[in-house]
Amino acid sequence: MDILNNLFPNIYNALNDFFHGLLRGANLRPDAESFIVSLIMGLIVVVFLVAISPFLMLSLTWVERKVVARIQNRLGPNRVGPWGIFQIFADMIKMLTKEDIVPANADRWVHFLAPVVTMIPITLILAVIPWGRGMAPADLNIGVLYVIALSSLGTVGIFMAGWGSNNKFALIGGMRAVAQIISYEVPQVLAIVAIVLLAGSLSLVDIVKLQGGWAGFRWFLFAIPVGPIAFVVYMISAIAEVNRTPFDLPEGESEIVAGHHTEYSGMKWGLFYMAEYLNLFVVCAIAATLFLGGWQGPLLPPWIWFFVKTLLLILIAMWVRGTFPRIRMDQLMKFAWQVLVPVALVNIVLTGLALPIFKAIGLI
Amino acid sequence: MLDRYGLIGLFAIVAIIFPLIPLLLARFLRPRKPNRSKMETYECGLEFEDFPVEAQQVWVQFRIQYYIFALMFVVFDIEVVFLYPWAVAYNSLGLYALVEMIIFLVILVMALAYAWRKGQLEWV
Amino acid sequence: MIPLPYFLLLGAAVFCIGLFAALARRNAVAILMGIELMLNAVNINLVAFWRYTKPGTPTWDLAGQIFALFVITLAAAEAAIGLALIIAIYRSRDTVNVEDVDIMKW
Amino acid sequence: MSIDLVLTYVAFFVLAAITIIGGLLVAFVRNIMHAALALMMAFMGVAGIYLLLEAEFIAAVQVLIYVGAIAVLILFAIMLTRGLMTRTLPPENNQWLAAGGLALLLFVALVYIAVTTHWPVGTQALAGTDLIPKIGTELVTTYVLPFEVASILLLTALIGAIVIARE
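Quick mapping for you: the protein sequence lines, in order, are chains A, B, C and D. In this text, residue positions in the first sequence follow the numbering used here: the first is 39, and each later residue adds one. In this text, residue positions in the second sequence follow the numbering used here: the first is 116, and each later residue adds one. In this text, residue positions in the third sequence follow the numbering used here: the first is 2, and each later residue adds one. In this text, residue positions in the fourth sequence follow the numbering used here: the first is 6, and each later residue adds one.
Spelled out as structure tokens, the structure:
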């Protein structure tokens with residue numbers, strides 16, 4: 039059990055020792071040796087995380103197609119391999135071999151850079167997520183702000199796609215997407231303020247550590263009443279921020295074709311697709327970290343707990359997608375500014391008032 | 116500093132290269148047969164070139180509402196920037212910190228109330 | 002650590018580029034972008050001076066960082082008003098070229 | 006020279022290059038949308054410079070406010086004022102020569118001052134102190150007045166902008 043619990047930190051330490059031992063023979067200066075080892079170890083961590091992200095995303099698409107199909111009384115992918123599991127590889131091959139069409143009137147460089155710019159911030163967020171005990175690649179003391187700042191960059195790539203395509207649908211879709219994302223970002227970050235108040239720290243590692251014990255009842259979700267309110271506000275805004283149904287107006291097929299990726303095909307479109315699902319994973323992982331105690335949990339290894347909680351939240355998002363109809367643009371904006379923002383603001387004040395009580399009962 | 120942000124820097128470099136790899140890979144795998152109507156701007160089945168010149172202008176006039184929402188967003192984003200360090204320090208501060216923050220929030224909620232009252236939060 | 006003048010030179014370069022953009026561009030939005038660049042240059046200097054004043058001495062506090070924070074706030078307010086003015090001018094005069102907006106000239 | 010110092014220098018020059026190239030593109034590019042994107046690039050470079058100066062909070066704020074919010078404001082303003090890219094007129098006005106001379110003169114003067122002045126500085130390490138609680142405390146104690154005034158500034162800016170833009 040202990041082997042499984044600390045599987046990844048142990049592998050990390052073993053590799054670290056291995057490279058140190060390898061370089062000891064070379065008789066380098068001590069600082070040069072530790073620099074080279076930390077560079078190699080950093081590269082291993084980074085490449086590992088970045089390399090699993092496409093598989094993460096592809097398996098999420100498979101899960102989503104299966105789940106939504108069941109909700110709609112269909113079977114979903116079932117031809118390629120058992121339960122259609124190899125569908126993800128078929129999808130990958132299809133995206134790689136499709137022709138890449140760039141409209142003649144497009145702003146070529148902006149059109150090319152848009153999917154790349156969309157991917158970068160989402161990949162960077164993976165660096166601070168605490169994947170398990172001692173498994174946060176970088177423990178920053180501005181962790182939460184880092185996540186918020188990078189996720190606010192998502193608008194840039196979308197806007198570039200809308201502008202660079204030189205297409206009315208793309209531009210309108212891009213503008214709508216940006217307006218929607220910035221509107222829902224406000225309640226999202228205001229909801230997180232309540233958690234920061236409870237934790238007294240911006241470091242994601244500290245926030246997870248504080249939620250240990252009491253058989254899970256120290257999760258900030260159970261800091262009644264402020265925890266559940268913040269959680270609901272966060273999840274609604276997060277679903278809106280990743281442009282999923284019922285908030286998928288920017289890509290409303292029946293009105294504006296496919297929104298900002300109307301003019302994209304092949305692998306460039308694939309990158310947008312990947313960014314969308316990685317974004318879903320990231321917002322759910324952050325929700326699990328902030329509200330559900332991250333990797334804290336009994337019996338199972340910490341990193342499995344983290345994935346279980348994240349997957350649970352992703353399944354909720356898929357359930358929402360399968361059951362709610364798309365809402366109207368005016369309802370969308372009204373909901374963000376006239377419902378979620380006031381609720382989140384009141385929640386902050388409530389948290390400030392309730393903090394002494396939580397302290398007295400030992401919750402924090 | 117360098118130990119933690121060095122890793123972030125490394126991450127940034129890999130994050131920039133990473134999306135370029137599948138694009139490069141696809142370059143060798145995909146067909147390339149451009150023709151005129153394929154390269155045209157998508158327009159619901161109509162020929163883009165048949166449009167009158169003013170309709171070919173993609174840059175449509177957007178509603179002022181977009182700007183108003185961006186304004187609200189900027190104001191609340193700055194509010195958040197002040198809220199975060201306050202929230203971190205709140206535990207060690209007294210009730211006066213809460214009062215000061217409430218004053219700050221009330222002033223900004225007045226902005227929200229103004230926009231609400233003037234009907235600027237309605238999309239239509 | 003890198004000597005302080007490196008950061009000051011960077012600040013000076015960014016400030017002068019911003020100044021040039023603010024003085025020489027025709028487009029009102031670009032002028033505003035130049036002003037934002039100048040404010041950024043000021044912030045680089047503020048943060049650099051904060052970092053290089055001797056830590057631990059009585060004079061060492063967070064003034065540099067907090068000033069930078071207020072400058073950013075100010076920059077946002079300035080951009081909001083400036084861009085609103087540009088939009089208003091565009092709606093009434095159908096141009097954003099600053100040379101065409103000269104009714105106050107004489 | 007230690008490896009850390011070399012790396013810091015490399016990072017500084019890369020970030021300074023990003024910032025200055027972004028700034029130059031803002032000043033000279035004809036297409037206003039490209040200028041706005043270049044401006045974001047310059048902002049990101051400045052955020053990196055803040056990280057080098059160990060002001061991580063300001064770096065995060067820079068990304069959040071400048072790239073995430075002000076840039077979006079600028080992009081929306083560009084979209085609301087179309088027909089900016091006049092093909093016939095050059096992007097610079099008639100006084101560009103005088104403006105360039107002035108900027109260059111100022112740059113030379115600033116370089117002279119920065120290089121010749123003896124700055125009374127120290128370079129102690131911050132030793133990983135978490136400054137964010139301190140910033141929060143200072144905001145509601147020493148700087149409480151500017152803090153509250155900032156909210157009034159934002160309130161007036163918002164009301165003013167709405168009035169101006171809607172008139």
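Note that the Cβ used here is the ideal one computed from N, Cα and C, for glycine as well. Because the structure is a prediction, the values reported are computed rather than measured.
In this structure, D/F48 sits away from D/V66, with a CB-CB distance that is not shorter than 8 Å.
By the rule that beta-carbons nearer than 8 Å mark a contact, D/G53 does not touch chain C. Near chain D, meaning a CB-to-CB distance below 8 Å, the residues of the segment 181-201 of chain A are L183, Y184, I186, A187, L188, S190, L191, T193, V194, F197, M198, W201.
Contact residues of the segment 183-194 of chain B toward chain A are F184, A185, M187, F188, F191, D192 (C-beta to C-beta distance below 8 Å). A residue is called buried once 16 or more other Cβ atoms fall within 10 Å of its Cβ, and C/M39 is buried on that count.
Judged by DSSP in its simplified three-state form, A/E314 adopts helix. DSSP, reduced to helix, strand and coil, places C/R26 within a strand of the structure shown.
One Cα belongs to B/W201, the other to A/F373, and the distance between them is close to 27 Å. Distance from the CA atom of A/E71 to the CA atom of A/W169, rounded to whole angstroms, is 28 Å.
The beta carbon of B/P134 sits no closer than 8 Å to any beta carbon of chain D. One finds I179, Y182 in chain B with Cβ atoms closer than 8 Å to the Cβ of C/I88, taken in chain order. Residue pairing of D/E97 in beta bridges, as defined by DSSP: C/R26. When CB distances to chain D are screened at a threshold of 7 Å, the residues of the segment 46-73 of chain A falling below it are D69, A70, F73, in chain order.
Considering only beta carbons, the part of the segment 201-214 of chain A lying closer than 7 Å to chain D consists of W201, M213, in chain order. DSSP places A/K397 in the uninterrupted alpha helix (DSSP H) bounded by 379-398. Of the candidates D/W101, D/T86, D/L109, the residue whose Cα lies closest to the Cα of C/R94 is D/T86. When the alpha-carbon of A/L96 is set against those of A/F86, A/I131, A/Y50, the nearest one is in A/I131. Not one beta carbon of chain D lies nearer than 8 Å to the beta carbon of C/V43. Here A/W257 has Q249, F329, L330, G331 as same chain residues with Cβ atoms under 7 Å from its own Cβ, once five neighbours each way along the sequence are excluded. In the assembly as shown, A/K104 is a buried residue. Its beta-carbon has 16 or more other beta-carbons within 10 Å.
For A/Y302, no alpha helix (DSSP H) encloses it, and the DSSP letter there is neither H nor E. Residues of the segment 61-95 of chain C with a Cβ closer than 9 Å to any Cβ of chain B, in chain order: L70, I73, T74, A77, A78, A80, A81, L84, A85, I88, R92. A direct Cα-to-Cα measurement between B/L223 and D/V168 gives close to 17 Å.
Put simply, the segment 104-114 of chain D touches the segment 23-32 of chain C. At least three CB pairs are less than 8 Å apart. A Cβ of chain A is located within less than 8 Å of the beta carbon of D/E61. Straight-line measurement puts the Cα of A/P115 at about 44 Å from the Cα of D/A43. Contacts with chain B at 8 Å (Cβ-Cβ) include A/S239. Residue contact check for B/K148 against chain A: a CB pair falls below 8 Å. Neighbourhood of D/E97 in chain C, by CB distance below 8 Å: A25, R26, R27, in chain order. Under the 10 Å beta carbon count, A/I163 is surrounded by 16 or more other beta carbons and is classified as buried. Pairing A/S275 with A/A208 gives a Cβ-Cβ distance that is not under 8 Å.
At a beta-carbon threshold of 8 Å, the residues of chain B lying near A/M157 are A130, F133, P134, ordered along the chain. Between B/V203 and A/S239 the beta-carbon gap is near 6 Å, inside 8 Å, which marks them as a contact. Per DSSP, the continuous alpha helix (DSSP H) segment holding A/R359 begins and ends at 340-361. Taking C-beta atoms as the reference points, C/I87 and C/V97 count as a pair closer than 8 Å. Cα atoms of A/A323 and A/V346: separation of roughly 10 Å, rounded to the nearest angstrom.
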